[in-house]
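Protein chains: 2
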Amino acid sequence: MKFETVTIKDIAKALGLSTSTVSRALRGSYEISSETKKLLLEYAEKINYRPNPIALSLKERRSRSIGVIVCEIANNFFSQAINGIESIAYNRGYHVIISQSHESFEREMVTVQHLASRSVDGLLVSIASETTDLSHFIELHEKGLPIVFFDRITNEIETHKVVVNNYKGAYDATTHLINNGFKKIAHITGSPSLSITMERLRGYKEALEANNIPHDEKLVQYCHHNGMIYDEVEEALMKVMKGKNKPDALLTPGDRLTTSCMTALKKMGKKIPEDIALIGFTNTNLADLFNPSLSAIRQPAFEMGQVATELLFQIIESKRPVTDFETRVLETELFIRETTK
Amino acid sequence: MKFETVTIKDIAKALGLSTSTVSRALRGSYEISSETKKLLLEYAEKINYRPNPIALSLKERRSRSIGVIVCEIANNFFSQAINGIESIAYNRGYHVIISQSHESFEREMVTVQHLASRSVDGLLVSIASETTDLSHFIELHEKGLPIVFFDRITNEIETHKVVVNNYKGAYDATTHLINNGFKKIAHITGSPSLSITMERLRGYKEALEANNIPHDEKLVQYCHHNGMIYDEVEEALMKVMKGKNKPDALLTPGDRLTTSCMTALKKMGKKIPEDIALIGFTNTNLADLFNPSLSAIRQPAFEMGQVATELLFQIIESKRPVTDFETRVLETELFIRETTK
DNA sequence: TTGTATGCGTTATCAG
DNA sequence: CTGATAACGCATACAA
Numbered sequence: 136m137k138f139e140t141v142t143i144k145d146i147a148k149a150l151g152l153s154t155s156t157v158s159r160a161l162r163g164s165y166e167i168s169s170e171t172k173k174l175l176l177e178y179a180e181k182i183n184y185r186p187n188p189i190a191l192s193l194k195e196r197r198s199r200s201i202g203v204i205v206c207e208i209a210n211n212f213f214s215q216a217i218n219g220i221e222s223i224a225y226n227r228g229y230h231v232i233i234s235q236s237h238e239s240f241e242r243e244m245v246t247v248q249h250l251a252s253r254s255v256d257g258l259l260v261s262i263a264s265e266t267t268d269l270s271h272f273i274e275l276h277e278k279g280l281p282i283v284f285f286d287r288i289t290n291e292i293e294t295h296k297v298v299v300n301n302y303k304g305a306y307d308a309t310t311h312l313i314n315n316g317f318k319k320i321a322h323i324t325g326s327p328s329l330s331i332t333m334e335r336l337r338g339y340k341e342a343l344e345a346n347n348i349p350h351d352e353k354l355v356q357y358c359h360h361n362g363m364i365y366d367e368v369e370e371a372l373m374k375v376m377k378g379k380n381k382p383d384a385l386l387t388p389g390d391r392l393t394t395s396c397m398t399a400l401k402k403m404g405k406k407i408p409e410d411i412a413l414i415g416f417t418n419t420n421l422a423d424l425f426n427p428s429l430s431a432i433r434q435p436a437f438e439m440g441q442v443a444t445e446l447l448f449q450i451i452e453s454k455r456p457v458t459d460f461e462t463r464v465l466e467t468e469l470f471i472r473e474t475t476k
Numbered sequence: 136m137k138f139e140t141v142t143i144k145d146i147a148k149a150l151g152l153s154t155s156t157v158s159r160a161l162r163g164s165y166e167i168s169s170e171t172k173k174l175l176l177e178y179a180e181k182i183n184y185r186p187n188p189i190a191l192s193l194k195e196r197r198s199r200s201i202g203v204i205v206c207e208i209a210n211n212f213f214s215q216a217i218n219g220i221e222s223i224a225y226n227r228g229y230h231v232i233i234s235q236s237h238e239s240f241e242r243e244m245v246t247v248q249h250l251a252s253r254s255v256d257g258l259l260v261s262i263a264s265e266t267t268d269l270s271h272f273i274e275l276h277e278k279g280l281p282i283v284f285f286d287r288i289t290n291e292i293e294t295h296k297v298v299v300n301n302y303k304g305a306y307d308a309t310t311h312l313i314n315n316g317f318k319k320i321a322h323i324t325g326s327p328s329l330s331i332t333m334e335r336l337r338g339y340k341e342a343l344e345a346n347n348i349p350h351d352e353k354l355v356q357y358c359h360h361n362g363m364i365y366d367e368v369e370e371a372l373m374k375v376m377k378g379k380n381k382p383d384a385l386l387t388p389g390d391r392l393t394t395s396c397m398t399a400l401k402k403m404g405k406k407i408p409e410d411i412a413l414i415g416f417t418n419t420n421l422a423d424l425f426n427p428s429l430s431a432i433r434q435p436a437f438e439m440g441q442v443a444t445e446l447l448f449q450i451i452e453s454k455r456p457v458t459d460f461e462t463r464v465l466e467t468e469l470f471i472r473e474t475t476k
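Residue numbers (the numbering used here), protein chains in the order written: chain A, 136 to 476; chain B, 136 to 476.
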């Protein structure tokens, strides 16, 4: 016996009562004589009794904890989102279990299974970029596990979703660059398998179109590791910079991608924004220091975590199966720093 | 019944065997007829049987998971450390449960209790800056829960510890500044309640002393929130900059503190390193972009996570109580960028 | 109002 | 080689 923890049995024995009486007193159910109740509660307090959550989980098939799975916590967008998640969950007495997929499909699958078998009451998921097969989620979702997708979502599963308006963010950013005299705007972006990547691409393209700027495919480069692997970003940037149609501005989505691009530019001896302008989607507070560009697109990460968690509790707490799911769209903010070329 | 998960009972019923037989076959214990064993394993595979970890935890009083508690994951030092932790833990088939204290004593206490009651097999802890009373750790440690402290440690508990050589890091950084002609070096640092803060202070002071530079108390400012609250850092910096003895260089430990200082300096219109030099302890890859200073002190965060986890497993896996604890000290690296004033 | 018995999923002990 | 039973800590239907 590793830990001699106090159990309901110990209390029962010590006070000459049955375990059921103790149990009832402790959780205030049934009316039991307020006398023994008081006695019990005092004793429990005295010997510092704590119910065993594992036993509870086994019995009740729930754990009062929710699982979160993101690609990386070393990404300010996600760590801020997690803080938003915690802010809601802890208020409700829930614990938050954080896991990373590191963009790996395999890892995501294993982790999700593990969380589910640990009886998490719900799951907050931002899909790994490697993932195309969603059956591990579908299976659990069909079994009734509440899932809310945030940021990186899928259309293959009917549930609540929370996203940033990536389309509008990219559209606004691109338009802003155009309005300030930039015409050759490159787009170094993330994995094309991600919903957010395609939304951003759409915004970028439509902004060009609206301004009668022809779209040059070669100015768009995908980084399958979303900026986590620096060399990939550098190579993508190099391709664009060494092309015929040399860009005068850069649109980069995501925290890591943006900062990797900045590092690469610096390494190439390019000054921002003198040599090339840059607008990034980033929540890194460091961004203020970079003077990276005209501006930056700020994503409401904390709020996204909060909203996703509230929606998750909506499912968890509803007695009957939820059928009317919604997709909440949060707006980005364009932080304007300089406005001239 | 929320989830219809397959249990050992289902298998037993389906195959007309007893649960004990099934259990034995599944875990390969005892010699049971290789015929029924094969049958069983195949069937289990077919219906995708997964043992219920909660039931196992209840029975075995262990969970094959370890808990990590840090102040913030939105801090590159810690998120990198966590990646190091995971890299070791997952190889051993252990899961990692990440929690944040947000520097709050209360939160740390609650979380630690929760992890313990969830039967984590061990704890990796970096102490919250608010914490002075360690009884929540002491109690668990005495009950036999393996604990390893990393980065922010305590002398009140005898166990394995892993730290960065903060003394030498600060000494080297300060010496480097002095060697490059800086003499009025301010030290904006973290909470004085932290072991790391005091070690760094010692290194800073001794480097000054070794170079016959008098130590001006007013050049040292403590930020009790370790850079998480920007205004506090700005105020500290302001105090130093507006003092009589205006510094020509800055030594800032920690990821958040360093970057907050840089933001504040920028806001004050100060250029780094032209107006003021800066050496920070930082693992932010962004640091490369800042050109923050002559150099930077890099902490081996990933490695620290790995070492701490290995030490933890050393305790977890030893059958008899461990008595010879060690404190592992990892060296920082001084990344030199510019060498002239 | 309180006690007894049962079960959550699994393994260990003991009998057969 | 296999099966019945108890136990891990708790909650609850049922009985008293």
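Glycine is no exception: its CB is placed at the ideal position from the N, C-alpha and C atoms. Treat the numbers as computed from the prediction; the structure is a model and nothing was measured.
Tell me where the alpha helix (DSSP H) around residue i begins and ends.
i, result
"Y229(A)", "Premise fails: Y229(A) is in no alpha helix (DSSP H) and is neither H nor E."
"Q441(B)", "436-452"
"R162(A)", "From DSSP, R162(A) is part of no alpha helix (DSSP H); its letter is neither H nor E."
"S461(B)", "As written in the sequence, residue 461(B) is Glu, which differs from the Ser given in the question. Neither: E461(B) is in no alpha helix (DSSP H) and is coded neither H nor E."
"V247(B)", "240-252"
"V368(A)", "365-376"
Relative to the alpha-carbon of residue i, which residue among the options has its alpha-carbon at the smallest distance?
i, options, result
"I143(B)", "H249(B), P186(B), A431(B), D256(B)", "P186(B)"
"K454(B)", "R472(B), P281(B), K374(B), S236(B)", "P281(B)"
"I220(A)", "A209(A), N211(A), I208(A), V203(A)", "V203(A)"
"N183(B)", "E274(A), T387(A), T393(A), T289(A)", "E274(A)"
"A147(A)", "H295(A), A179(A), E139(A)", "A179(A)"
"E238(B)", "S200(B), I217(B), L329(B), A251(B)", "L329(B)"
"L343(B)", "L312(B), M397(B), N361(B), T332(B)", "L312(B)"
"H295(B)", "F460(B), S261(B), F470(B)", "F460(B)"
"L193(B)", "R159(A), T140(A), T171(A)", "T140(A)"
"E291(A)", "I323(A), H276(A), S252(A), Q235(A)", "H276(A)"
"N361(B)", "L250(B), V205(B), P456(B), E466(B)", "V205(B)"
"M376(B)", "L447(B), F285(B), A321(B), D366(B)", "A321(B)"
"A149(B)", "S252(B), K181(B), L269(B), L354(B)", "K181(B)"
"P388(A)", "L250(A), N418(A), A209(A)", "N418(A)"
8 Å is my cut-off, CB to CB: does residue i come that close to chain B?
i, result
"A190(A)", "yes"
"H230(A)", "yes"
"H360(A)", "no"
"A263(A)", "no"
"L193(A)", "yes"
"N300(A)", "no"
With 16 other CB atoms within 10 Å as the buried threshold, where does residue i fall?
i, result
"N226(A)", "exposed"
"V368(B)", "buried"
"K402(A)", "exposed"
"P435(A)", "buried"
"S254(A)", "buried"
"I207(A)", "Per the sequence shown, residue 207(A) should be read as Glu rather than Ile. With 16 or more Cβ atoms within 10 Å of its Cβ, E207(A) is classed as buried."
"G151(B)", "exposed"
"P382(B)", "buried"
"M373(B)", "exposed"
"I471(B)", "exposed"
"P188(B)", "buried"
From what residue to what residue does the beta strand (DSSP E) around residue i run?
i, result
"I414(A)", "412-416"
"I282(A)", "282-285"
"V197(A)", "The sequence given here has Arg at residue 197(A), not Val. Note, R197(A): premise wrong, no beta strand (DSSP E); not H, not E."
"L259(A)", "257-260"
According to DSSP, which residues form a beta bridge with residue i?
i, result
"H322(A)", "V355(A), L386(A)"
"F272(B)", "Bridge partners of F272(B): none, in fact."
"I471(A)", "S430(A)"
"I204(A)", "S234(A), V260(A)"
"V297(B)", "F285(B), R463(B)"
Could one say the Cβ of residue i lies closer than 8 Å to chain A's Cβ atoms, at least one of them?
i, result
"Q215(B)", "yes"
"I208(B)", "yes"
"V205(B)", "no"
"P456(B)", "no"
"H249(B)", "yes"
"N290(B)", "no"
Is it the case that the CB of residue i approaches a heavy atom of the ligand COA more closely than 7 Å?
i, result
"T246(A)", "As for the ligand COA, it is missing from this structure, which has no ligand bound."
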